[in-house]
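Novice: Those protein sequence lines, which keep their order, are chains A and B.
The opening position of the first sequence corresponds to residue 81 in our numbering, with each subsequent residue numbered one higher.
The opening position of the second sequence corresponds to residue 81 in our numbering, with each subsequent residue numbered one higher.
Cβ atoms here follow ideal geometry from the backbone N, Cα and C, with glycine treated the same way.
Since the structure is predicted, the reported quantities are computational estimates derived from the model, not experimental observations.
Below you'll find the structure I mean.
Number of protein chains: 2
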Amino acid sequence: MRKLYSYFRSSAAYRVRIALAFKGLDYQTVPVHLLRDGGEQHAPAYRDKNPAGLVPALEEAGQALTQSLAIIEYLEETYPLPALLPSDALDRARVRALAQTIACDIHPLNNLRVLAYLRDELALDQSQRDAWYRHWTEQGLAVVERLLADDARTGLCCHGDTPTMADCCLAPQMFNAQRFHCRLDHLPTVRRIYAHCTTLPAFQAAAPENQPDAE
Amino acid sequence: MRKLYSYFRSSAAYRVRIALAFKGLDYQTVPVHLLRDGGEQHAPAYRDKNPAGLVPALEEAGQALTQSLAIIEYLEETYPLPALLPSDALDRARVRALAQTIACDIHPLNNLRVLAYLRDELALDQSQRDAWYRHWTEQGLAVVERLLADDARTGLCCHGDTPTMADCCLAPQMFNAQRFHCRLDHLPTVRRIYAHCTTLPAFQAAAPENQPDAE
């Protein structure tokens, strides 16, 4: 049985959970608690699977796959239907760019290890750390809003009316944005698409509160 | 003619330049000076092409493509040979994970806009900003080192003996690491592969010092 090393609130793990659920792929969740015992992701046994000490990792065909977007591309190539990428190359480029605007330009700046560095190495207080978090989230999602609002290919979802890799990234990022009380009023299209995604079974199955390790 | 909006020292633009050169694709460089006039990437005319205000953007088939890895995937799909991804799905997942370990876990933390925030919003001094830069680079490249050193699929390049998307990311990151005087002694495999890449014509053509906007 395929194993997903996951933490219920990890945004990157959440992306992969959506993809697995959307494609109807069974898996066993192996919880990796990011806060317990100094972070279970740093334990040597887990680092053997994922040297980065980050979740998720997907054990598949005897190998531990890492990096959420690389895992989703693998799932797309190996289990093509239902598809998470459109068929046209320019459309695929658009969907990947939307996904990477979140996965490269927003999420890495607000990851747990970065917030820990701000607190421990730079001695920033909670309000400075919150301002940092909101700055990158609000600015990055404004870019996503413009990419979505200005393009006729946007539908009920980020690209057309069915979920793609972009929605796999958008929903977890919006979950985080709400959790950290980010401003969202400048994001009508993003909010509309997120609201739609939350009605879909795959997104519900993947949601943090429905994970076995949810607190 | 295809246009690449580029800045000679931009690590993300450098990745795309390698891919274009490796595939033998002609393009016109449109320089976007990241430091002049408060940053030409913020000019409204450029933001119309790339709302993120980041380089690169590739104008192709009448569309402005953004996000370096999405652009490289597009080039790979549209101009498959010579290939920048292996043919096996698990191998492709490995190459993409290596690329994303750099593009998601290292580079976004050390981008110009982030360093500017550290300086302007958090009033960190030069030594604190340098420590930040080195921390994420040295730690991130140590992860890359382990992924490379522990895997028999590593060859002259990150995956086998010819360049892949992973090498397109590794070479610019190493260029940056040297420029910012990062520790590299813990990275024998990374250094060996980088040294090899710098001998290849595509990497030489794409190097910052060989760009029309080099200073």
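(1) Please list the segments of the beta strand (DSSP E) lying wholly inside the segment 123-177 of chain A, counting only runs of 3 or more residues, in order along the chain.
(2) In the DSSP assignment, find the unbroken beta strand (DSSP E) run with residue 121 of chain A in it and report its ends.
(3) Which residues share a DSSP beta bridge with residue 83 of chain A?
(4) Three or more C-beta pairs under 8 Å: does that hold for the segment 208-228 of chain B against the segment 281-295 of chain B?
(5) Taking only three categories from DSSP, how would you classify residue 278 of chain B?
(6) Provide the residue(s) that pair with residue 234 of chain A in DSSP beta bridges, ordered along the chain.
(7) Taking 9 Å as the threshold (C-beta atoms), are residue 102 of chain A and residue 252 of chain A in contact?
(8) Indicate the three-state DSSP secondary structure (helix, strand or coil) for residue 88 of chain A in the structure shown.
(9) Which bits of chain B does residue 196 of chain A rub up against, with CB to CB less than 8 Å?
(10) Run through chain B and tell me which residues come within less than 9 Å of residue 172 of chain A, C-beta to C-beta.
(11) Please check the pair residue 147 of chain B and residue 184 of chain A, which I expect to be a contact at CB under 8 Å, by giving their CB distance rounded to whole angstroms.
(12) I'd like to know if the segment 263-270 of chain B and the segment 218-236 of chain B are in contact, where contact means that at least 3 CB-CB pairs between them fall below 8 Å.
(13) Any idea if residue 291 of chain A is buried or exposed, counting beta-carbon neighbours within 10 angstroms, 16 or more meaning buried?
(14) Pick from B:122, B:176, B:139, B:140: whose alpha carbon is nearest that of residue 132 of chain B?
(15) Less than 9 Å between the C-beta atoms of residue 155 of chain A and residue 249 of chain A, yes or no?
(16) Does residue 184 of chain A come out as helix, strand or coil in the three-state DSSP assignment?
(17) Between residue 217 of chain A and the rest of its own chain, which residues show a CB-CB distance below 8 Å, the 5 nearest in sequence each way excluded?
(18) From the beta carbon of residue 223 of chain A, is the nearest beta carbon of chain B less than 9 Å away?
(19) If the cut-off is 7 Å on Cβ atoms, which residues from the segment 177-191 of chain B count as contacting chain A, listed in chain order?
(20) With 9 Å as the threshold, decide whether the Cβ of residue 125 of chain A is near any Cβ in chain B.
(21) Find the nearest neighbour of residue 120 of chain B within the set B:167, B:176, B:166, B:136, judged by alpha-carbon distance.
(22) Note down, in chain order, each residue of its chain lying with its Cβ closer than 8 Å to the Cβ of residue 204 of chain B, except the 5 sequence neighbours on either side.
(23) Once the 5 residues before and after residue 207 of chain B are set aside, which same chain residues still bring their CB inside 8 Å of it?
(24) Using a Cβ-Cβ cut-off of 7 Å (strictly less than) and excluding sequence neighbours within five positions of residue 303 of chain A, which residues of its own chain qualify?
(25) Applying the criterion that 16 or more other CB atoms from any shown protein chain within 10 Å of the CB defines a buried residue, is residue 97 of chain B buried or exposed?
(26) Under 9 Å between beta-carbons, which chain A residues line up against residue 147 of chain B? List them in chain order, please.
(27) Which residues, in chain order, does the segment 238-251 of chain A contribute to contact with chain B at a C-beta distance below 8 Å?
(28) Answer yes or no: do residue 176 of chain A and residue 233 of chain A have a C-beta to C-beta separation smaller than 9 Å?
(29) Determine the closest residue to residue 245 of chain B out of B:201, B:167, B:229, B:266, with distance taken between C-alpha atoms.
(30) Going by DSSP, what residue range makes up the alpha helix (DSSP H) through residue 258 of chain A?
(31) Are the C-beta of residue 208 of chain A and some C-beta of chain B separated by less than 9 Å?
(32) Please work out which residues of its chain come closer than 6 Å, Cβ to Cβ, to residue 139 of chain B, disregarding the five sequence neighbours upstream and downstream, and give them in chain order.
(33) Return the chain-ordered list of same chain residues with a C-beta closer than 7 Å to the C-beta of residue 99 of chain A, the five sequence neighbours on each side being excluded.
(34) Looking at residue 86 of chain A and residue 110 of chain A, is the spacing between their C-beta atoms short of 9 Å?
(35) Residue 169 of chain B touches chain A at which residues, Cβ-Cβ below 8 Å?
Specialist: Let's see:
(1) 137-140, 143-146
(2) Careful: residue 121 of chain A lies outside any beta strand (DSSP E) and carries neither H nor E.
(3) A:108, A:139
(4) no
(5) coil
(6) A:240
(7) no
(8) coil
(9) What residue 196 of chain A touches in chain B: nothing, since even the nearest Cβ is about 12 Å away.
(10) 150, 153, 154, 157
(11) 7 Å
(12) yes
(13) buried
(14) B:122
(15) no
(16) coil
(17) 186, 190, 253, 256, 257, 260, 262
(18) yes
(19) 177, 180, 181, 183, 184, 185, 188, 189
(20) no
(21) B:136
(22) 198, 212
(23) none
(24) The structure shown has nothing for residue 303 of chain A, since chain A only spans 81 to 295.
(25) buried
(26) 173, 176, 177, 178, 179, 180, 181, 184, 185
(27) none
(28) no
(29) B:167
(30) 245-259
(31) yes
(32) 83
(33) 152, 155, 164, 248
(34) yes
(35) 154, 157, 158
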